[in-house]
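J.: Would you mind keeping the following structure in view while I ask a few things?
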Amino acid sequence: MNGQDPTDGPLLQVRDLTVLAGRQPLVQDVSFELAAGERVGLIGASGSGKSVTCMAIAGLLADGLTAGGSVQLTGTGELLTRSERGWAEVRGSRVGMVFQEPMTALNPTMRVGRQVAEAMRLHGTDRSTANRAAVDLLAAVDLPDPDRLATAYPHQLSGGQRQRVVLAMAMANQPDLLICDEPTTALDVTVQAKVLQLIDDRAAAAGSAVLFISHDLAVVASLCDRLLVMYQGRVVEHGSVVEVLTAPRHPHTRQLLADSELAPADGAAEADAGDR
Ligand SMILES: Nc1ncnc2c1ncn2[C@@H]1O[C@H](COP(=O)(O)OP(=O)(O)OP(=O)(O)O)[C@@H](O)[C@H]1O
Numbered sequence: 001m002n003g004q005d006p007t008d009g010p011l012l013q014v015r016d017l018t019v020l021a022g023r024q025p026l027v028q029d030v031s032f033e034l035a036a037g038e039r040v041g042l043i044g045a046s047g048s049g050k051s052v053t054c055m056a057i058a059g060l061l062a063d064g065l066t067a068g069g070s071v072q073l074t075g076t077g078e079l080l081t082r083s084e085r086g087w088a089e090v091r092g093s094r095v096g097m098v099f100q101e102p103m104t105a106l107n108p109t110m111r112v113g114r115q116v117a118e119a120m121r122l123h124g125t126d127r128s129t130a131n132r133a134a135v136d137l138l139a140a141v142d143l144p145d146p147d148r149l150a151t152a153y154p155h156q157l158s159g160g161q162r163q164r165v166v167l168a169m170a171m172a173n174q175p176d177l178l179i180c181d182e183p184t185t186a187l188d189v190t191v192q193a194k195v196l197q198l199i200d201d202r203a204a205a206a207g208s209a210v211l212f213i214s215h216d217l218a219v220v221a222s223l224c225d226r227l228l229v230m231y232q233g234r235v236v237e238h239g240s241v242v243e244v245l246t247a248p249r250h251p252h253t254r255q256l257l258a259d260s261e262l263a264p265a266d267g268a269a270e271a272d273a274g275d276r
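Note that the sequence shown ends on residue 276 in full-length UniProt numbering; no numbers are left out.
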């Protein structure tokens, strides 16, 4: 449940996060904080370490990867050293996740309404309350005829509908932190904006902070308060969305902007050159 008092300090505190594959660093010395309800976008070229950073924070690093440093969630303490059982208490209750491919989060053999209800039951909601709430949650992510749709299996839904179900599951327990890794990239362009709007609405309704990875700078600009720019496993620039997008300091940020349709007017980028 979201019970964070904004005066309590940061909700999430990441300090010197380093992720290794054997001895090879994939992510190095990443530090940032996220306040309750705040939205931070993580941008950077392909392979810059955005997903590995989020997976480390979510306790979902692939076998063979090891994390060092510290990731603290207020009220929960250190996350990096949590056991899988310890993580089960946090994931889905205090931390929700939406990834690029909805099928990876869904059980193909279980009706979607039951999957949403299970997300609540795992964290203490009784069966009849969870079953009723599941239909309400499916309605809240704008799924048509939610009573009927709750009885469908994932393969009977469109990609956009599946991602709405995943969002309903991620938000079922009103998490303090919602982690989204390219949540709309795999969707048809016509539904991307709708799913994005839903993420915005649902996170606002629950007061959840959002850590949002996207290649699409327009998307992060519309959703986020602050941006972190990653390059070769490190955060090379951070600031408010306006600061980073209108006066980018790092050459990689300028390149990202030049590659997008959000390039600042000539001169804006040059006005304040120099790494941060
Ligand atoms: N399980 C793994 N074992 C070894 N290397 C890995 C593993 N997972 C990721 N990497 C490497 O770590 C680096 C960062 O990958 P990551 O997926 O975090 O990049 P990204 O910024 O999210 O890229 P994209 O935008 O393409 O998703 C890449 O060089 C990638 O090849």
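Note that beta-carbon positions come from the ideal geometry of N, C-alpha and C, so glycine has one too. All figures in this text were calculated on a predicted structure; none of them were measured in a lab.
From L149 to L42, what distance separates their C-alpha atoms?
T.: Those two C-alpha atoms are separated by around 33 angstroms.
J.: Can the beta-carbon of G113 be found closer than 8 angstroms to that of V135?
T.: Taking 8 angstroms as the Cβ cut-off, G113 and V135 qualify as a contacting pair.
J.: Considering only heavy atoms of ligand 1 and the C-beta of each residue, which residues fall inside 5 angstroms, strictly closer?
T.: Every residue passing the under-5 angstroms Cβ criterion appears here: A21, L26, S46, G47, S48, G49, K50, S51, V52 and A62.
J.: Taking just the CA atoms, how far does H215 sit from residue 346?
T.: Absent from the model: residue 346. The displayed extent of the chain is 1 to 276, so no value can be given.
J.: Short of 7 angstroms in beta carbon distance, which residues of its chain neighbour L198, apart from the five on each side in sequence? Order them along the chain.
T.: Answer for L198: V141, D142, R164 and L167, listed in chain order.
J.: Are the segment 28 to 42 and the segment 11 to 20 in contact at 8 angstroms, needing three or more beta carbon pairs?
T.: Taking 8 angstroms as the limit for Cβ pairs, the verdict is that the segment 11 to 20 does touch the segment 28 to 42.
J.: Should L178 and V220 be called a contact, given that it needs their Cβ atoms to be closer than 8 angstroms?
T.: Taking 8 angstroms as the Cβ cut-off, L178 and V220 do not qualify as a contacting pair.
J.: DSSP beta-bridge partners for Y231?
T.: In DSSP, Y231 forms a bridge with R234.
J.: Following the continuous alpha helix (DSSP H) through L245, name the residue where it begins and the one where it ends.
T.: V241 to T246 is the span of the alpha helix (DSSP H), which, as asked, contains L245.
J.: For L106, which residues in the same chain have their Cβ closer than 6 angstroms to its Cβ, ignoring the five residues on either side in sequence?
T.: Excluding residues within five positions, the ones whose Cβ falls inside 6 angstroms are P154.
J.: Assess, as a yes-or-no matter, whether the segment 245 to 252 is touched by the segment 61 to 76 under the definition of 3 or more beta carbon pairs within less than 8 angstroms.
T.: No, they do not touch.
J.: Exposed or buried, T81, counting other C-beta atoms within 10 Å across all chains shown (16 or more means buried)?
T.: T81 should be labelled exposed.
J.: Give me, in chain order, the residues of the same chain whose beta-carbon lies closer than 8 angstroms to that of P108; leave out the 5 immediate sequence neighbours on both sides.
T.: Cβ neighbours of P108 beyond the five flanking positions: Y153, P154 and H155.
J.: Pop quiz: G69 and L17 are said to be a contact at Cβ under 8 angstroms. What is the actual Cβ separation, rounded to whole angstroms?
T.: At roughly 4 angstroms, the Cβ-Cβ gap stays under 8 angstroms, so G69 and L17 are in contact.
J.: Residues in the same chain with beta-carbon distance under 6 angstroms from R162, minus the five sequence neighbours each way, listed in chain order, please.
T.: Result list for R162: P102 and P154, in chain order.
J.: Taking L196 and T184 to be in contact with their CB atoms under 8 angstroms, please state how far apart those CB atoms are, rounded to whole angstroms.
T.: Confirmed, Cβ separation roughly 6 angstroms.
J.: Helix, strand or coil: how does DSSP classify R15 here?
T.: Correct three-state label for R15: strand.
J.: Would you check if the distance between the CB atom of V229 and the CB atom of G86 is smaller than 8 angstroms?
T.: In this structure, G86 does not lie closer than 8 angstroms to V229 by Cβ.
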